[in-house]
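Down below is the structure, laid out as structure tokens.
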Amino acid sequence: CSMGSDDSYNFVFKVVLIGESGVGKSNLLSRFTKNEFAHDSRTTIGVEFSTRTVQIDNLTIKAQIWDTAGLERYRAITSAYYRGAVGALLVYDISKHLTYESAERWLKELYDHADPHIVVMLVGNKSDLDTLRTVPTDEARDFAEKKGLMFMETSALGSTNVEAAFSEVLTAIHKKVASREVTRGSISAVTLSSPLGPSSEAQEERKGCCRS
Amino acid sequence: MSLGRLLRRASSKASDLLTFNPGAGGSSLRSGLDGEIIFSKNNVCVHPAEPLPGLAEHHPGYLCVHVEKDESLGTTLILTWVPNSRIQRQDEEALRYITPESSPVRRNARRRGRRYKNVLLKMCLWVVYAVLISRSAPHSSGKQFSVKHELKYSQGTQFINILSRPHSRPPAAQEEDEDEERNITSSTSTESHSLVVEAGADPSSHQQQLPSGGEEGDEGSCELSDEVSRDSTMGSDSDTFSSPFCLSPVSEALCESSGSVFLDNESSHAPSESSSQSQGMRWEEQQKLLALEQLCGVFRVDLGHMRSLRLFFSDEACTSGQLVIASRESQYKILHFHHAGLDKLAEVFQQWKCCRETQLKDQVSDEKSCMQFSIQRPTLPSAETHPEERLYRRLDVTTWLRHLNQNGQVEEEYKLRKAIFFGGIDPSIRGEVWPFLLHYYSYDSSSQEREDWRLQKRSQYHDIQQRRLSMSPEEHSEFWRKVQFTVDKDVVRTDRSNHFFRGENNPNVEIMRRILLNYAVFNPDMGYCQGMSDLVAPLLTEIQDESDTFWCFVGLMENTIFISSPRDEDMERQLMYLRELLRLMLPRFHQHLTRLGEDGLQLLFCHRWILLCFKREFPDTEALRMWEACWAHYQTDYFHLFLCVAIIVLYGEDVTEQQLATDQMLLHFSNLSMHMNGELVLRKARSLLYQFRLLPRIPCSLHDLCKLCGPGMWDSRYIPAVECSGEHPDSQSCPYGGTSTPQPSSPSPGSKTRDIFTFRKQT
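Just so you know, the protein sequences line up as chains D and X, in that order. Just so it is clear: in the first sequence, position 134 is 134 by the UniProt record's numbering, and no numbers are missing. Just so it is clear: in the second sequence, position 520 is 520 by the UniProt record's numbering, and no numbers are missing.
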């Protein structure tokens, strides 16, 4: 996929980043949306998101990537965070086994709040720290397979697989949308860009639509 | 003639000199000089709204009104009331209050000796003041005058006088007072003194302004004599009753300007003994006094910024009674004139051009029992800024030291907090002042007590650290998983661009880490929450000491309402208040949120504002100003929410204009972070708070917004009319399920003052 204009798009896909604190969610986000990486990026507090417009199958897709603290404590944020999400990257740190162990817990929270058809990828980040690895790739891949998740190892620092990970997720979402696999309810979330949010009439495609 | 009459004449002459109607009297002198005292009266009482056990109901003090130049009002009047207890302590702070900044006596303000152990000197002082006042009036410029009086006075008879005088107060309180008075009588009544006052050289123009003995009858003489004797009632220890607090500066000023002699002026440089005096005072008495000072401390207001002044006369002659001052924010203060003088004050108000006498609605026309003045301003203060904006400069070392007395105690907590609220704290003294705001030091503590306290807390801190270091392997493993794992990751990415934490292996990062780990041990329920490192880092940067920072952080977590809290309900309450504030103050924005539905009302865009108190939204210099303003708890405990509203007011127009969706709104505000003007936001928030406090009624949902911060120097708490907004889950059982009229929090002092609560109706 390639960078596109921000103003015109066919779909908005909301993708959430989840996983333990310090696994590199914010850096994955900034690498994907701004091609930036910060060595001592601050902890995320509250909710943030960035967007990037990509082309998939000749369609313009606005990817809206949401990021929150790994230790978010507020239910209020949780529900708003997951609402309307059609994709998720469940991130762990390959050098910290503890962050991998909690994947199951994160998955449960995700399915508790998000659409059951949400596209999920298990992402082993910090693959540049291979010498400190505590989570074997096979183990994680097996786990992902068992849970029906996509899987990839990335390095936001080294810019390895970041583009690929997001692009795969977005493509999978698009496939689901195109094949109507996603339920009627979720489609409105896919095109959540209408000015008054989910409550207004959903439009499946807004080709060339511009917002002032 | 009696000294009382002399004084009375002098002070009434002094105030007669100064009318504020330009043109009246035909010369420029009517406008008043900066710093001029135009009214003074001793033994004006304040009655604490909530009486303290073991303390008398009456708390006499010295009332003084002086002129100050004001940008918008031209001249304004500053009213100051200082409790006698402060004056008796020879408090430099008190001296400053009674002697205006611009007054000539201020130039020589120094700690004074207490050689004259007689109340008479204080009486003399009033005379000298009167002299000074008349001297400084413009029409007297260039001329000299001279006054010479011999004053003889025996106290014993005067005490009998006051003891037999009926007072309009409950018998119990009266008895208490009388007991005190008897004590004094026994300790001082045997003394009698002869004083000579001599000032200036040219008798021609001013002699007539100062009464010479025997001119008139004795009417009025007992009034001031009474004052003097009442004056001493607070001095239950005769030693504490030493030389008057500003005798010497006055005498010095006189000496300097005219070379006259005020007694033997060599005595005015005797070293202070007041520290030994305070040591001699019993501890409980001190505690009582401190508690009292919180309730009945110095009261000082710019009358030009008040809403109205009411005088309720309690005697037929209309000389005694109560002065009720109401602020524009509808707080009031009652000053009791038990010994006349209220009529003179009424004259002062009548002459001041900003003060307009208004008719009271209920007043019976032929009975002049009450006078009301409303303050007329040449230009109404703009609602865009708080009217007290720019009156306060940043608290720097010099002004900070002025807030402390010689023992290092903060004299007036309210005044300090207000100054910080408006002006902030200079970075150089943040480390010193923050511990007070964060409740680590009490405002009452002396420097010595604080040092002792620090040592005590330091050892306590080390105990906590020991507990952490001596965990069993199981405990440690759990602690590591729940706390240390995250702390370790967070401290290395907190404020690393701050020079204090910059660089590899910076020891300060390790200190921050220890503080956070120890905090989780100290408060296992709270443990560690992300965001804490962001809060503790600036504390450590300013306070530097590890243990002190730890305890300040403990105070921050306990005493502020807005910070990272692990509980949902805290955050929910914050958001509820914020939504209600928006509904009230920015209805258009609130409507927009409502149309967005549940997600819009979640206010996702300001969670971080609240959790970190704007630390990520503004550069440190501005964010820390906001912290201080919040910590000051001035007129509200939720100033951070007013800051939120201010940001939305100033920067949220696009949201409503363009009808931004929830996500776009989040993006809009997060893009603004670090691009907003913090000073502007602070100013706006202060004006919003002001507007909020002016509201005639508030919805029940916001009832608690200004509850804990206390009334400060005012008698009344903030008592707005509360009405049920009907839009909360339990509105069925809402105590405000109907518009209620405000109820006083304390019993009103008398039927005549009851209607002060209707002040707010007035425009």
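For glycine and all other residues, C-beta sits at the position ideal for the given N, C-alpha and C. These numbers come from a predicted model, not from an experiment.
Local Cβ density within 10 Å of residue i, reported as buried at 16 or more and exposed below that
| i | result |
| --- | --- |
| Met306 of chain X | buried |
| Asn161 of chain D | buried |
| Val397 of chain X | exposed |
| Ser155 of chain D | buried |
| Leu132 of chain D | exposed |
| Val15 of chain D | buried |
| Pro538 of chain X | buried |
| Asp599 of chain X | buried |
| Leu582 of chain X | buried |
| Ala38 of chain D | exposed |
| Ser85 of chain X | buried |
| Arg430 of chain X | buried |
| Leu641 of chain X | buried |
| Gln209 of chain X | In this predicted model, Gln209 of chain X has a pLDDT of only 40, less than 50, meaning its place in the structure is not dependable; the value taken from the coordinates is given anyway. When all chains shown are included, Gln209 of chain X counts as buried. |
| Gln448 of chain X | exposed |
| Leu437 of chain X | buried |
| Ser477 of chain X | exposed |
| Gly148 of chain D | exposed |
Range of the contiguous alpha helix (DSSP H) that encloses residue i
| i | result |
| --- | --- |
| Asn671 of chain X | Thr662 to Leu672 |
| Ser477 of chain X | Pro473 to Phe479 |
| Tyr461 of chain X | Ser447 to Leu469 |
| Leu170 of chain D | Val162 to Ala178 |
| Ile420 of chain X | Glu413 to Gly423 |
| Lys147 of chain D | Thr137 to Lys147 |
Contact under 9 Å by Cβ, residue i with residue j
| i | j | result |
| --- | --- | --- |
| Lys482 of chain X | Asp534 of chain X | no |
| Glu101 of chain D | Thr78 of chain D | no |
| Leu28 of chain D | Ala164 of chain D | no |
| Leu694 of chain X | Met585 of chain X | no |
| Leu157 of chain D | Asp128 of chain D | yes |
| Ser725 of chain X | Cys700 of chain X | yes |
| Asp444 of chain X | Gln409 of chain X | yes |
| His668 of chain X | Glu558 of chain X | no |
| Ser167 of chain D | Val54 of chain D | yes |
| Met626 of chain X | Cys606 of chain X | no |
| Tyr634 of chain X | Lys418 of chain X | yes |
| Leu604 of chain X | Ala80 of chain D | yes |
| Thr494 of chain X | Arg42 of chain D | yes |
DSSP-derived helix/strand/coil call for residue i
| i | result |
| --- | --- |
| Ser212 of chain X | At Ser212 of chain X, the pLDDT of 40 sits below 50, so the modelled position is not reliable; the number obtained from the coordinates is stated separately. In the structure shown, Ser212 of chain X sits in coil (DSSP, three-state: anything other than H, G, I, E or B). |
| Thr51 of chain D | strand |
| Phe373 of chain X | strand |
| Thr494 of chain X | coil |
| Tyr82 of chain D | helix |
| His305 of chain X | helix |
| Phe37 of chain D | coil |
| His338 of chain X | coil |
| Glu68 of chain X | strand |
| Ala721 of chain X | strand |
| Leu29 of chain D | helix |
| Asp525 of chain X | coil |
| Leu517 of chain X | helix |
| Ala632 of chain X | coil |
| Val15 of chain D | strand |
| Val119 of chain D | strand |
Where the beta strand (DSSP E) containing residue i begins and where it ends
| i | result |
| --- | --- |
| Gln322 of chain X | Gly321 to Ser327 |
| Asp112 of chain D | Not the beta strand (DSSP E): Asp112 of chain D falls in the alpha helix (DSSP H), residues Ala103 to His113. |
| Thr398 of chain X | Looking at the DSSP string, Thr398 of chain X is not in any beta strand (DSSP E); the run it does join, the alpha helix (DSSP H), is Val397 to His403. |
| Thr75 of chain X | Gly74 to Pro83 |
| Trp66 of chain D | Leu59 to Thr68 |
| Phe692 of chain X | It is not in any beta strand (DSSP E) - Phe692 of chain X instead sits in the alpha helix (DSSP H) that spans Gly678 to Leu694. |
| Gly87 of chain D | Gly87 to Asp93 |
| Arg697 of chain X | Arg697 to Pro699 |
**Item:** Segments assigned alpha helix (DSSP H), at least 4 residues, entirely inside the region 534–616 of chain X
**Value:** The qualifying runs are 546–559, 568–585, 587–596, 598–601 and 607–611.
**Prompt:** Taking only runs of the alpha helix (DSSP H) that begin and end inside the region 639–663 of chain X, which ones reach a length of at least 4 residues, in chain order?
**Reply:** If only uninterrupted alpha helix (DSSP H) runs of at least 4 residues are considered, those enclosed by the region 639–663 of chain X are 639–651 and 653–657.
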